[in-house]
Structure formats: C-alpha cells, structure tokens
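K.L.:
In this text, residue positions in the sequence shown follow our numbering: the first is 78, and each later residue adds one.
Just so you know, even glycine gets a beta-carbon here, dropped at the ideal spot from N, CA and C.
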Amino acid sequence: MRYTTAGESHGPEEIAIIEGIPAGLHITEEDINVQLARRQYAYGRGGRQLIETDTVTFLSGVRHEVTLGSPITLNVHNDDHNHWAAIMAP
C-alpha cells in the first residue's frame, strides 16, 4: 500500500490518495469519519482538535461503498478554514 497527501493543516481541503487497496472491499465514508473523530481525543494534542470536526468524502476508487481496485482519493474538508483564510492565503 502507498499513500500520498496534499494540503495543509489550516487549508480549505486536504487530499489523500491511497494505492494498493484491492477491489471488492466494503468501506464507507462513515467508517473513516468514525476514526477521524477518535483523533479529537488523542494524547498530546492541543485544544484545537476538540473544536474541529473533520469529515472525509470519497472522490474516486469507491463506488456504492465497494472499492474498485483503483487508487482511492479522499477529500477532508476543513470547516475551520474560514478563520485562517486571510493568514493562509497563497
């Protein structure tokens, strides 16, 4: 398995591309969102993670909750980006 990420912590979106996942596996966005929610209470994090609720959307590689065998592209939208838009502008 190989993965690549793009985006920044305070950016509007973060992208992950995961290669090497076989076809035919059942996976939902909710499966991943549950795991993202777990990190809000991880040891060693600052107070910000308690107010940020990241959610993932599949952009490719999954259809009808089943993997296709092609790379899976995930988008994590950052609802908190508006607070950082001026500071993080390109």
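(1) Output the boundary residues of the alpha helix (DSSP H) element that contains Ala114.
(2) Identify, in the order they occur along the chain, each residue of the same chain with its Cβ nearer than 6 Å to the Cβ of Leu102, setting aside the five sequence neighbours on each side.
(3) If we ignore side chains and look at the alpha-carbon of each, how far apart do Thr134 and Ala163 end up?
(4) Using only alpha-carbon positions, find the residue among Val139, Glu107, Ser86 that is nearest to Pro99.
(5) Going by beta-carbon coordinates alone, are Asn152 and Glu107 separated by less than 7 Å?
(6) Could you tell me the alpha carbon to alpha carbon distance between Ser137 and Ala93, rounded to whole angstroms?
(7) Please go through the same chain and pick out, in chain order, the residues whose beta-carbon is closer than 8 Å to the beta-carbon of Thr132, but skip the five residues on each side of it.
P.N.:
Let's see:
(1) Taking the sequence shown and counting its residues from 1, one reaches residue 114 at position 37. Here the alpha helix (DSSP H) through Ala114 covers 106 to 115.
(2) The residue labelled residue 102 in the question sits at position 25 within the sequence shown. Around Leu102: Thr144.
(3) Taking the first residue of the sequence shown as 1, we reach residue 134 at position 57. Taking the first residue of the sequence shown as 1, we reach residue 163 at position 86. Approximately 25 Å between the Cα atoms of the pair.
(4) Residue mapping note: residue 99 aligns to position 22 of the sequence shown, counting from 1. Residue Val139 is the option with its Cα nearest to Pro99.
(5) What you label residue 152 is simply residue 75 of the sequence shown in a count that begins at 1. What you label residue 107 is simply residue 30 of the sequence shown in a count that begins at 1. Their beta carbons are not under 7 Å apart, which means Asn152 does not touch Glu107 by this criterion.
(6) Residue mapping note: residue 137 aligns to position 60 of the sequence shown, counting from 1. Residue mapping note: residue 93 aligns to position 16 of the sequence shown, counting from 1. Spanning the two alpha carbons is a distance of roughly 11 Å.
(7) Here residue 132 corresponds to residue number 55 of the sequence shown, with the count starting at 1. Taken in chain order, the residues that qualify are Glu106, Asn110, Leu113, Val153, His154.
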